[in-house]
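Residue numbers (my numbering), protein chains in the order written: chain P, 55 to 227; chain U, 89 to 227.
Note that beta-carbon positions come from the ideal geometry of N, C-alpha and C, so glycine has one too.
No experiment lies behind these values; they were computed from the predicted model shown.
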Amino acid sequence: MALINKVLPGYTATLWCQDDANPTPLTDAQLSTWASIEAIIGTSAGGLGTAGIQVPVEAIPAFGADDAVAAFSVAGARTGAKITTQNQVTSLSITSAWNPADTAMLLIRDDGYNGTIVRTYVVAVYDGTDTVAYAFNGMVGGMSWDMSPSAEGKFNFTIHPIGGNSYGWSNNA
Amino acid sequence: MATQNNVIQYGKAIQYQLSQIVDPVPVYAAFNRNFANQPKFITWMLRNVHQPVYTGQTQSNKGIDRPVFQISIFTQQIEDGFTISNQILQALHGYSGQLGSPSEGFFIAKADVMWLYNSYNNEENMAQIFLDCTIDVPA
Chain P
55 MALINKVLPG YTATLWCQDD ANPTPLTDAQ LSTWASIEAI IGTSAGGLGT AGIQVPVEAI
115 PAFGADDAVA AFSVAGARTG AKITTQNQVT SLSITSAWNP ADTAMLLIRD DGYNGTIVRT
175 YVVAVYDGTD TVAYAFNGMV GGMSWDMSPS AEGKFNFTIH PIGGNSYGWS NNA
Chain U
89 MATQNNVIQY GKAIQYQLSQ IVDPVPVYAA FNRNFANQPK FITWMLRNVH QPVYTGQTQS
149 NKGIDRPVFQ ISIFTQQIED GFTISNQILQ ALHGYSGQLG SPSEGFFIAK ADVMWLYNSY
209 NNEENMAQIF LDCTIDVPA
């Protein structure tokens, strides 16, 4: 299997999470190990789907790391500097079309009520053959429901990553 | 960086996929008046093939393609047209996966079907329904 070598539209990305009510999140090392990740990703995105469920998001938000620098300047001098630091993992603000009976949304809602459940999430990018995965551990916060009469009901929530190193990249290649 | 997709593959994939969805109703690439004596048939027309190009001299500095193919459904019975449109909507709207045959098709990230309108052609004595289908093709 080759690594994906093409420009992908956003529609190829899907969000998956562990499906247990009280999951054991993956370790930092497992988060970048395909053999651990593929169980969470469903078969429709090139995984096994044995320990995961798809979160039906409207669109995958930008993910990665927050911008952070250590900066200094010297009084009276023209120069200063910005030194890149190890950044924290970006929170993902997610919008889903609200379906009160959707299993994944109920799981997220229970996590949000609980406030302490750490779950492994995976963003899978799939081209029909191969998969690239970005996995991280996170907790759910900031849940809100928007029942505007002019559009479908929306369920908004934020996944806050846990720990500075609890994310990783992997692929099936 | 992206290669330029081949429109011959688009055509073959659309022809194959529509034929699979509406089988046994015949599917043609363009309208021919001789078809008008058939009780029902479908034609398709591909348009708006375009991968956006980005700055610089490198030809492969392109993005993804989002072409549209129009599906025209012709039937002598109006209800048949609605039945066939429904078959296409159920099969294609929101679809992600292989478009076309396993050997000559390709992966599409999403198909988005817009049901445009229905009409009636008095000369041909045929009811018509038009749908637009946008496909997102990684390249």
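Neighbouring residues, chain P, relative to residue i (Cβ below 7 Å)
i              : result
P112 (chain U) : Residues of chain P passing the Cβ test: none, with the nearest at roughly 28 Å.
Chain-ordered neighbours of residue i on chain P, where CB pairs are closer than 9 Å
i              : result
I152 (chain U) : K60, V61, L62, P63
A90 (chain U)  : K60, V61
Under 8 Å from the C-beta of residue i: neighbouring residues of chain U
i              : result
D181 (chain P) : F195, P226
Status (buried if at least 16 other CB within 10 Å, exposed otherwise) for residue i
i              : result
F126 (chain P) : exposed
P77 (chain P)  : buried
D165 (chain P) : buried
D200 (chain P) : exposed
L57 (chain P)  : exposed
G101 (chain P) : buried
Y142 (chain U) : exposed
V95 (chain U)  : exposed
S98 (chain P)  : exposed
R173 (chain P) : buried
P155 (chain U) : buried
Interface residues of chain U facing residue i [CB-CB closer than 9 Å]
i             : result
T66 (chain P) : S184, F195, A197, K198, D224, P226
Heavy atom of the ligand SAM within 8 Å of residue i beta-carbon
i              : result
T139 (chain P) : The ligand SAM is absent from the structure shown, which contains no ligands of any kind.
DSSP-derived helix/strand/coil call for residue i
i              : result
D168 (chain U) : helix
S160 (chain U) : strand
Q216 (chain U) : strand
R135 (chain U) : strand
Review point. Relative to chain P, which residues along the region 168-189 of chain U have a C-beta separation below 8 Å, given in chain order?
Key: Listed by position along the chain: S184, G185, Q186.
Review point. Counting Cβ pairs, one atom from each stretch, are 3 or more of them under 8 Å apart for the region 183-190 of chain U and the region 204-218 of chain U?
Key: Contact between the region 183-190 of chain U and the region 204-218 of chain U is absent, because fewer than three Cβ pairs lie under 8 Å.
Check your understanding: Is the number of C-beta pairs between the region 211-221 of chain U and the region 141-149 of chain U that are closer than 8 Å three or more?
Key -> With contact defined as three or more Cβ pairs closer than 8 Å, the region 211-221 of chain U and the region 141-149 of chain U are not in contact.
Review point. Okay, do the region 193-209 of chain P and the region 92-106 of chain U touch, 3+ Cβ pairs below 8 Å being the bar?
Key: No, because fewer than three Cβ pairs between the region 193-209 of chain P and the region 92-106 of chain U fall closer than 8 Å, the two stretches do not touch.
Practice item. Inspect the CB distances between the region 177-194 of chain P and the region 74-89 of chain P and report whether three or more fall short of 8 Å. Key: At 8 Å Cβ cutoff, the stretches touch.
Point to revise | Stretch pair the region 126-136 of chain U + the region 205-219 of chain P: three plus CB contacts closer than 8 Å | key: Under the Cβ criterion (8 Å, minimum of three pairs), the region 126-136 of chain U does not count as touching the region 205-219 of chain P.
Point to revise | the region 130-141 of chain P / the region 149-162 of chain P touching (three or more Cβ pairs under 8 Å) | key: In short, these stretches do not touch, since the Cβ pair count stays below three.
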